[in-house]
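To keep things clear, I will list the structure first and then write my remarks on it.
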């Protein structure tokens, strides 16, 4: 088992090898050690995937988030769950800050749709997490600003039409 590379197939290969050995030698003196080692396989694979997460730091936002989510799905209650939750929260918070800076550009150009779409994508990616709620609040604020600008524009246009009728 120690000669197996620790990769995506490691867990299944190790279990198969131990199982084959126990089947062939059911009364082996190594039986208890093998049973203990079978329990350790999950921890070793957990460690392997956590190390992979560190390499994910070089990926773009969406890819990294998918890697983190896949780790949490594969190892619910895993040894590094708290660390991965922290990574996701920090990354999400940084992205929310970025989205907030983009809001100013949308306000200046009066092109609201790109910002709305970015928020909607963020909310979808963080669905079921507190960050999604923060995204909803920021999206609502942006939409309120958009609506206020549109109302002022309608009011100004209505005022101009009334002036033309009076003259």
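Residue numbers (the numbering used here): 3 to 169.
Glycine included, every Cβ here is placed at the ideal spot set by N, Cα and C.
**Report entry** Residue range of the alpha helix (DSSP H) that includes residue 25
**Finding:** Residue mapping note: residue 25 aligns to position 23 of the chain shown, counting from 1. DSSP places residue 25 in the uninterrupted alpha helix (DSSP H) bounded by 12-26.
Requested in this report: Please report how far the alpha carbon of residue 90 lies from the alpha carbon of residue 160, in whole angstroms.
Outcome: In the chain shown, the residue the question calls residue 90 occupies position 88. In the chain shown, the residue the question calls residue 160 occupies position 158. Cα-Cα distance, rounded: 48 Å.
Requested in this report: Grab me the residues of residue 17's own chain with a C-beta within less than 8 Å of its C-beta, minus the 5 sequence neighbours each way, in chain order.
Outcome: To locate residue 17, count along the chain shown from 1; it is residue 15. Counting only Cβ-Cβ distances below 8 Å, and skipping sequence neighbours, we find 40 and 43.
Query raised in the report: If you check the beta carbons only, do residue 141 and residue 125 fall under 8 Å apart?
Result: Here residue 141 refers to the residue found at position 139 when the chain shown is read from its first residue. Here residue 125 refers to the residue found at position 123 when the chain shown is read from its first residue. Yes; because the gap between Cβ atoms is below 8 Å, this pair is in contact.
Requested in this report: Please name the residue in 51, 95 and 79 whose C-alpha comes closest to that of residue 135.
Outcome: Position 133 of the chain shown, counted from the first residue, corresponds to residue 135. Considering only alpha carbons, the answer is 95.
**Report entry** residue 78 - DSSP class collapsed to helix/strand/coil
**Finding:** For the purposes of this step, residue 78 is taken as the residue at position 76 of the chain shown. Note: residue 78 maps to coil in three-state DSSP.
Query - C-alpha distance - residue 115 paired with residue 138, whole-angstrom precision - result: What you label residue 115 is simply residue 113 of the chain shown in a count that begins at 1. What you label residue 138 is simply residue 136 of the chain shown in a count that begins at 1. Looking at the two C-alpha atoms, the distance is approximately 15 Å.
Query raised in the report: Between which two residues does the alpha helix (DSSP H) containing residue 39 stretch?
Result: As a working mapping, residue 39 is identified with position 37 in the chain shown. For residue 39, the uninterrupted alpha helix (DSSP H) segment begins and ends at 33-57.
Query raised in the report: In this structure, does DSSP put residue 8 in helix, strand or coil?
Result: For the purposes of this step, residue 8 is taken as the residue at position 6 of the chain shown. The three-state reading of DSSP puts residue 8 in coil, since its state is none of H, G, I, E or B.
Report task. Counting only the same chain and skipping the five closest in sequence on each side, list residues whose C-beta sits under 6 Å from that of residue 52. Result -> Here the question's residue 52 lines up with position 50 in the chain shown. In chain order, 82 place their CB closer than 6 Å to the CB of residue 52, counting only its own chain and leaving out the 5 sequence neighbours on each side.
Query raised in the report: By how many angstroms is the C-alpha of residue 109 removed from the C-alpha of residue 50?
Result: Here the question's residue 50 lines up with position 48 in the chain shown. Here the question's residue 109 lines up with position 107 in the chain shown. Answer to the nearest angstrom: the Cα atoms are 46 Å apart.
Query - CB-CB length for residue 36 against residue 20, believed under 8 Å - result: Working through the chain shown from its first residue, we reach residue 36 at position 34. Working through the chain shown from its first residue, we reach residue 20 at position 18. Cβ atoms of residue 36 and residue 20 come within 8 Å of each other, at about 5 Å.
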